[in-house]
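Chemist: Numbering (my numbering), first residue to last: 20 to 459. Cβ coordinates follow ideal geometry from the N, Cα and C atoms, glycine included.
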RNA sequence: CGGGGCGUAGCGCAGUCUGGUAGCGCAUCUGCUUUGGGAGCAGAGGGUCGCAAGUUCAAAUCUUGCCGCCCCGACCA
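1. To the nearest angstrom, report how far apart residue 108 and residue 312 are at their CA atoms.
2. List the DSSP bridge partners of residue 285.
3. Rounded to whole angstroms, what's the CA-CA distance from residue 242 to residue 292? Just pull it up for me.
4. Between the C-alpha atoms of residue 423 and residue 450, what's the straight-line distance to the nearest angstrom?
5. Could you check if residue 57 is buried or exposed, using at least 16 other CB atoms within 10 Å of its CB as the buried criterion?
6. Please determine if the segment 245-261 and the segment 380-393 are in contact, where contact requires at least 3 C-beta pairs separated by less than 8 Å.
7. For residue 291, name the three-state secondary structure that DSSP assigns.
8. For the alpha helix (DSSP H) that residue 88 lies in, which residues bound it at each end?
9. From the DSSP secondary-structure annotation, give me the bridge partner or partners of residue 372.
10. Would you please state the rounded distance, in angstroms, between the beta carbons of residue 59 and residue 168? I believe it to be under 8 Å.
11. What residue range does the alpha helix (DSSP H) around residue 461 cover?
12. What distance in whole Å lies between the Cβ atoms of residue 214 and residue 240, which are believed to be in contact at a cut-off of 8 Å?
13. Touch check for the segment 108-123 and the segment 88-99: three-plus C-beta pairs under 8 Å?
14. From this set, 378, 228, 117 and 396, which residue's C-alpha is nearest residue 458's C-alpha?
15. Helix, strand or coil, according to DSSP, for residue 83 in the structure here?
16. For the alpha helix (DSSP H) holding residue 129, just list the boundary residues, first then last.
17. For the segment 199-211 against the segment 77-90, do three or more pairs of beta-carbon atoms, one drawn from each stretch, fall closer than 8 Å, so that the two count as touching?
18. Considering only DSSP beta bridges, list what residue 353 is partnered with.
19. Among all the DSSP beta bridges, which residues are the ones paired with residue 150?
20. Look at the alpha carbon of residue 378 and the alpha carbon of residue 355, and state the distance between them as a whole number of angstroms.
21. Is the segment 135-153 in contact with the segment 345-361, if contact means three or more CB pairs nearer than 8 Å?
22. Candidates 157, 237 and 436: which alpha carbon is nearest residue 368's?
23. Take every Cβ of the segment 301-317, pair it with every Cβ of the segment 333-340, and state whether three or more of those distances are shorter than 8 Å.
24. Suppose only complete runs of 4+ residues qualify. What are the alpha helix (DSSP H) ranges in the segment 26-89, listed by chain order?
25. What does the Cβ neighbour count give for residue 119, buried or exposed, with the cut at 16 atoms within 10 Å?
26. Looking at C-alpha atoms only, which residue of 162, 226 and 383 is the closest neighbour of residue 192?
27. How far does the beta strand (DSSP E) with residue 438 in it extend, from its first residue to its last?
28. Please return the same chain residues whose Cβ sits closer than 8 Å to the Cβ of residue 380, not counting the five positions on each side in sequence.
29. With the cut-off set at 9 Å, would you say residue 406 and residue 419 are in Cβ contact?
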């Protein structure tokens, strides 16, 4: 993409309403625009990041055996009356009446709807286990939206729903998501720690929040420092290996870890003092097992091997991609701007033509641009007729992992300077070596 | 929902107390000079001062009502 033809509205000054660093940087780097309280448009650069996150989320959901669908945002109130949640949910749910005076709602979550899909088609235990997920916009009419996309009213959520014949099966489904979540966050360059959680309005009796540590995090967390050294389950993990998965989950739940709501100071004090860690954290995922909470009132049953009908055991599993964008920034930024992990970066590399109009730098920039694209990289070419300083500031602000400076001085020796955003390291490389360096 | 704050050019702000020509910086546009870390000079464009009613010869400024946004608390992916 040529920056001169792109839509990248960066701001030099921080809009007044933005308080936390991720919100400030998202506005300044031109990722989002606020449209109302807790409601945001995603601008081109922000959408790129969001799409990259979604792709990783999808890959790990698919790897674990979950299957993608897409359900509507607007739901009928009748489904929610069946589960009893239409009255229970409260004012957070945005209720709408259509032209025929039918009660509708903008979905805050999809347990009822997915249960309806399930019961319409699945009759036999032989079709289990089943895990259906979608990535869809949700609306929760928060009392107080804040912190930009961290707590917005409209937000994107990956929500998965598992169906099993019994509790043991459901436990395995839960463990699959548990491992998939560990992998998803790790691939985004985040160290996540599963913490036992309150089950809240979704209900149920087994639940974990996945918390990433960030000094500006919204909640206080307490955990054993050894979690930071735990290894992420590898890509070739066998998700059908019941005992193997259970062993991974057991390991990742073996040490103390709790958010402030679930904190037990006595248990925390049992950790050796050097390994006691209290920090700030951001919740990026939440998983629940809730048994027959929905299958019972909604009569989602299958025939078992013994010829008996029984209610399926369910779980639900959420990740907020829009919130993850903010969480990534909270976890990784500096005074100059965002420092994207490579997996989430909107572009892999930026070429900075330091003297637009100069035949040498113009030609070299163009050549590099085509070469890097040909090598399969997403490249942003800063070909604006602007001073170099502005280009550096923009590139740092939007956090592209690699910056390639094409200026007349180094070019005189046939070289360009390659800079890493994360470390600030620079090296002078012959033009022809750039592709190999970035691919390495 | 309780408490507090703020709405003036795209962004950041001054002006409001004490009513009297609507300003500053950045951004934008034009020209020239510049080009290795947010350039310099000269010029230009851009405003229902959140909305409405009221007071007044006169309202960004005073009064009342409403709307929007932000922060703290309670609540939450």
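Modeler: Working from what's here:
1. Position 89 of the first chain holds residue 108. Position 293 of the first chain holds residue 312. Residue 108 and residue 312: Cα-Cα distance of roughly 15 Å.
2. Sequence index remark: in the first chain, residue 285 carries index 266 (1-based). Paired residues: none, contrary to the question.
3. In the first chain, counting from the first residue as 1, residue 242 sits at position 223. In the first chain, counting from the first residue as 1, residue 292 sits at position 273. Roughly 11 Å separates the two Cα atoms.
4. As a first step, residue 423 is located in the first chain; it is residue number 404 there, counting from the start. As a first step, residue 450 is located in the first chain; it is residue number 431 there, counting from the start. Residue 423 and residue 450: Cα-Cα distance of roughly 10 Å.
5. On the first chain, residue 57 is found 38 positions in, with the first residue counted as 1. So residue 57 ends up on the buried side.
6. no
7. Within the first chain, residue 291 is the residue found at index 272, counting from 1. Looking at residue 291 - three-state DSSP - the assignment turns out to be coil, as it is neither helix nor strand.
8. The count along the first chain starts at 1 and reaches residue 88 at position 69. No alpha helix (DSSP H) holds residue 88; DSSP gives it neither H nor E.
9. Translated into positions along the first chain, residue 372 becomes position 353. DSSP, once it has assigned bridges, lists 425 as partnering residue 372.
10. As a first step, residue 59 is located in the first chain; it is residue number 40 there, counting from the start. As a first step, residue 168 is located in the first chain; it is residue number 149 there, counting from the start. The Cβ separation is near 6 Å, so the contact holds.
11. There is no way to answer for residue 461, as the model of the chain reaches only from 20 to 459.
12. As a working note, residue 240 is residue 221 in the first chain. As a working note, residue 214 is residue 195 in the first chain. With a Cβ gap of about 7 Å, residue 240 and residue 214 count as contacting.
13. Segments in contact, yes.
14. For this step, residue 458 is matched to residue 439 along the first chain. For residue 458, the nearest C-alpha among the options comes from 396.
15. As a first step, residue 83 must be located in the first chain, where it is residue number 64. Coil at residue 83, not helix or strand.
16. For the purposes of this step, residue 129 is identified with residue 110 of the first chain, where counting begins at 1. Looking at the DSSP string, residue 129 is not in any alpha helix (DSSP H), and its letter there is neither H nor E.
17. Touching, yes.
18. Residue numbering aside, residue 353 sits at position 334 when the first chain is read from its first letter. Paired residue(s): 356.
19. For the purposes of this step, residue 150 is taken as residue 131 along the first chain, with counting starting at 1. The partner list for residue 150 (beta bridge, DSSP) reads 181.
20. As a position in the first chain, residue 378 is number 359, starting the count at 1. As a position in the first chain, residue 355 is number 336, starting the count at 1. Between the alpha carbons of residue 378 and residue 355 lies a distance of about 30 Å.
21. A contact between stretches requires three or more CB pairs, one per stretch, nearer than 8 Å, and the segment 135-153 fails this requirement with the segment 345-361.
22. By 1-based counting over the first chain, the position of residue 368 is 349. Out of 157, 237 and 436, 436 has the C-alpha closest to the C-alpha of residue 368.
23. yes
24. 40-47 and 63-82
25. Along the first chain, one-based indexing puts residue 119 at 100. Residue 119 should be labelled exposed.
26. Position 173 of the first chain, counted from the first residue, corresponds to residue 192. If we check each option's Cα against that of residue 192, 226 comes out closest.
27. For the purposes of this step, residue 438 is taken as the residue at position 419 of the first chain. Taken as a continuous stretch (DSSP letters only), the beta strand (DSSP E) holding residue 438 covers 434-439.
28. Here residue 380 corresponds to residue number 361 of the first chain, with the count starting at 1. Only 372, 373, 374, 425, 426, 427 and 430 meet the Cβ criterion.
29. In the first chain, counting from the first residue as 1, residue 406 sits at position 387. In the first chain, counting from the first residue as 1, residue 419 sits at position 400. No, these two residues do not count as a Cβ contact at 9 Å.
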